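**Q** Before I ask anything, let me first share the structure, which is written out below as structure tokens.
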Amino acid sequence: MSVAVISLIASVSYGLPSACLYLITFIIIIRNRKTFDSSFFEIYLFDGAMNLLTYFAGFFTMRLNKVTCEECLMAPLYKNLDGLLLKFIGTMGVHMAYVQYSMSTLVSLNRLSVLLNFNFFEPIWKRCIWIVVILIYFIPFLNTNVVFNNPMKVTHSEEDDSYSITSPELPITKIYGILIPFMFIANIICVLCNTISVIFISKLSIHRKTAESNFLIMMSITCSVQIVGTVITIALQYFSTSPLVFSILGMILPYSSDGLSLVQPWLLVCFSHSMREDMKSMLGLTTKRSERQLFHTRSFTN
486 MSVAVISLIA
496 SVSYGLPSAC
506 LYLITFIIII
516 RNRKTFDSSF
526 FEIYLFDGAM
536 NLLTYFAGFF
546 TMRLNKVTCE
556 ECLMAPLYKN
566 LDGLLLKFIG
576 TMGVHMAYVQ
586 YSMSTLVSLN
596 RLSVLLNFNF
606 FEPIWKRCIW
616 IVVILIYFIP
626 FLNTNVVFNN
636 PMKVTHSEED
646 DSYSITSPEL
656 PITKIYGILI
666 PFMFIANIIC
676 VLCNTISVIF
686 ISKLSIHRKT
696 AESNFLIMMS
706 ITCSVQIVGT
716 VITIALQYFS
726 TSPLVFSILG
736 MILPYSSDGL
746 SLVQPWLLVC
756 FSHSMREDMK
766 SMLGLTTKRS
776 ERQLFHTRSF
786 TN
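FYI, the numbering for the sequence shown is 486 to 787, going by this note's numbering.
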């Protein structure tokens with residue numbers, strides 16, 4: 486069994502359950518507004534949609550293409566890929582890195598501000614989240630338009646009988662010269678926000694301290710995955726002249742991206758009691774909680 490096939494099987498084995506879990510948590514949040522009525526969950530819905538786009542775009546350009554031969558059933562997907570759709574898919578690899586790191590930073594800023602002054606910041610977040618998310622998605626085009634406007638084509642490799650999206654004239658140095666500093670700054674902001682949150686949480690009551698600590702664990706895990714992705718991206722540029730190391734890092738990077746894209750719903754289910762209870766109810770494992778039990782607090786991890 487080839488490395489490409491193993492990579493595809495691995496991606497599907499964790500990607501499909503994660504995508505299903507995303508959809509389940511989306512449905513629960515939308516159905517149970519009284520329980521999940523906070524700005525965090527609104528950000529989670531937007532963030533989840535962006536993460537699913539990132540995962541499936543990466544799956545199409547880095548996994549499925551590697552096991553698609555010229556006579557395979559999926560070959561027409563690549564043979565007929567052209568025009569704006571090709572440019573869009575080809576651009577998303579770089580573009581969504583900006584979006585993901587920005588969304589993680591947004592979550593950290595959201596939680597810190599709400600911790601510091603819930604009554605002031607929460608209404609602002611609820612009113613402005615959709616505007617911020619739109620900006621987060623479109624502003625990176627100021628840099629990634631270089632990718633979009635560069636000539637792209639789908640090529641077939643006779644050596645391993647697979648497809649790939651190529652852009653020979655792509656100015657890699659120019660693109661990553663902006664992306665890497667951005668990733669570095671985003672990581673610093675996340676770490677600073679989480680550190681300040683730790684200091685603030687230490688002064689809370691035991692009940693709120695436990696709940697908010699769960700959130701901090703979630704953010705720390707997400708931030709760690711994000712930092713790993715940054716290190717690998719930097720290493721790829723540093724070892725670009727070393728074929729072996731570059732190849733190994735190139736194989737690891739998609740898993741780092743998938744981790745950042747798909748870890749959120751698992752963390753939410755692990756650390757949110759309300760989410761677990763509503764999921765059990767949705768799946769028919771427990772009876773529906775009565776309205777009087779739908780006690781909403783400022784922390785989503787309750």
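Yeah, the Cβ is synthetic: ideal placement off N, Cα and C, and Gly gets one too.
Computed from a predicted model, the values in this text were never measured in an experiment.
Assuming the contact rule is C-beta atoms closer than 8 Å, Met637 and Ser647 should be a hit. Round their C-beta distance to whole Å, please.
**A** Position 152 of the sequence shown holds residue 637. Position 162 of the sequence shown holds residue 647. About 17 Å; that fails the 8 Å criterion.
**Q** Put Ser647 into one of helix, strand or coil per three-state DSSP.
**A** Along the sequence shown, one-based indexing puts residue 647 at 162. Residue state, collapsed to three classes: strand.
**Q** Along the chain, where does the alpha helix (DSSP H) that runs through Ser682 open and close?
**A** The residue you call residue 682 lines up with position 197 of the sequence shown. That run of the alpha helix (DSSP H) goes 657 to 686.
**Q** Hey, which unbroken runs of the alpha helix (DSSP H) at 4 residues or more fall wholly within the segment 577 to 650?
**A** Whole alpha helix (DSSP H) segments, 4+ residues: 603 to 623, 626 to 633.
**Q** Specify whether the segment 722 to 736 and the segment 618 to 626 touch according to this definition: at least 3 beta carbon pairs, one from each stretch, less than 8 Å apart.
**A** In short, these stretches do not touch, since the Cβ pair count stays below three.
**Q** For Asp522, name the three-state secondary structure that DSSP assigns.
**A** For the purposes of this step, residue 522 is taken as the residue at position 37 of the sequence shown. Note: Asp522 maps to coil in three-state DSSP.
**Q** Consult DSSP for Pro561 and reduce its assignment to one of helix, strand or coil.
**A** If you number the sequence shown from 1, residue 561 lands on position 76. Looking at Pro561 - three-state DSSP - the assignment turns out to be helix.
**Q** Taking C-beta to C-beta, are Met535 and Val584 nearer than 9 Å?
**A** On the sequence shown, residue 535 is found 50 positions in, with the first residue counted as 1. On the sequence shown, residue 584 is found 99 positions in, with the first residue counted as 1. Against a cut-off of 9 Å, the Cβ pair of Val584 and Met535 comes out as a contact.
**Q** So, helix, strand or coil for Leu768, using DSSP?
**A** Looking up residue 768 in the sequence shown gives position 283. Looking at Leu768 - three-state DSSP - the assignment turns out to be coil, as it is neither helix nor strand.
**Q** Looking at C-alpha atoms only, which residue of Asn550, Met704, Pro739, His580 is the closest neighbour of Leu566?
**A** Numbered from 1 along the sequence shown, position 81 holds the residue referred to as residue 566. With distances taken between Cα atoms, Leu566 lies closest to Asn550.
**Q** Spatial neighbours of Phe531 within its chain, please: CB distance less than 8 Å, with the 5 preceding and 5 following residues excluded, ordered by chain position.
**A** Here residue 531 corresponds to residue number 46 of the sequence shown, with the count starting at 1. Closer than 8 Å at the Cβ level, and outside the excluded window around Phe531, lie Met588, Ile614, Trp615, Val618.
**Q** Going by DSSP, what residue range makes up the alpha helix (DSSP H) through Ser492?
**A** Residue mapping note: residue 492 aligns to position 7 of the sequence shown, counting from 1. That run of the alpha helix (DSSP H) goes 488 to 516.
**Q** Residue range of the alpha helix (DSSP H) that Ser746 falls in?
**A** In the sequence shown, counting from the first residue as 1, residue 746 sits at position 261. From DSSP, the alpha helix (DSSP H) with Ser746 extends over 728 to 756.
**Q** Can the beta-carbon of Thr726 be found less than 9 Å from the beta-carbon of Ala582?
**A** Looking up residue 726 in the sequence shown gives position 241. Looking up residue 582 in the sequence shown gives position 97. Cβ distance not < 9 Å, so Thr726 and Ala582 don't count as in contact.
**Q** Does the segment 753 to 768 come within contact of the segment 510 to 520, defined as at least 3 CB pairs closer than 8 Å?
**A** Taking 8 Å as the limit for Cβ pairs, the verdict is that the segment 510 to 520 does touch the segment 753 to 768.
**Q** If the criterion is Cβ atoms closer than 9 Å, does the pair Gly662 and Val713 meet it?
**A** The count along the sequence shown starts at 1 and reaches residue 662 at position 177. The count along the sequence shown starts at 1 and reaches residue 713 at position 228. No, the pair does not count as a contact, with Cβ atoms beyond the cut-off.
**Q** Under a three-way DSSP split, which group does Glu555 fall into?
**A** As a working mapping, residue 555 is identified with position 70 in the sequence shown. Looking at Glu555 - three-state DSSP - the assignment turns out to be coil, as it is neither helix nor strand.
**Q** Just to confirm, is the Cβ distance from Ile660 to Asn628 under 9 Å?
**A** On the sequence shown, position 175 is the one that residue 660 refers to. On the sequence shown, position 143 is the one that residue 628 refers to. Cβ distance < 9 Å, so Ile660 and Asn628 count as in contact.
**Q** Please report how far the alpha carbon of Ile706 lies from the alpha carbon of Leu753, in whole angstroms.
**A** As a first step, residue 706 is located in the sequence shown; it is residue number 221 there, counting from the start. As a first step, residue 753 is located in the sequence shown; it is residue number 268 there, counting from the start. Spanning the two alpha carbons is a distance of roughly 12 Å.
**Q** I need the DSSP call for Asp763, collapsed to helix, strand or coil.
**A** Counting from one through the sequence shown, the residue named residue 763 turns up at place 278. Of the three classes helix, strand and coil, the one that applies to Asp763 here is helix, per DSSP.
**Q** CA-CA distance, Gly769 and Ser503?
**A** Within the sequence shown, residue 769 is the residue found at index 284, counting from 1. Within the sequence shown, residue 503 is the residue found at index 18, counting from 1. Taking the straight line from one Cα to the other gives about 20 Å.
**Q** Does Phe724 come out as helix, strand or coil in the three-state DSSP assignment?
**A** One-based indexing of the sequence shown puts residue 724 at position 239. Three-state result, Phe724: coil.
**Q** Looking only at C-alpha atoms, which of Met764, Pro750, Asn604, Thr771 sits nearest to Leu501?
**A** As a position in the sequence shown, residue 501 is number 16, starting the count at 1. It is Pro750.
**Q** So, for Glu654: in the same chain, excluding its five sequence neighbours on each side, which residues have a beta-carbon less than 8 Å away from its beta-carbon?
**A** Indexing the sequence shown from 1 puts residue 654 at position 169. For Glu654, where only same-chain residues beyond five positions count, the Cβ hits under 8 Å are Asn635, Pro636.
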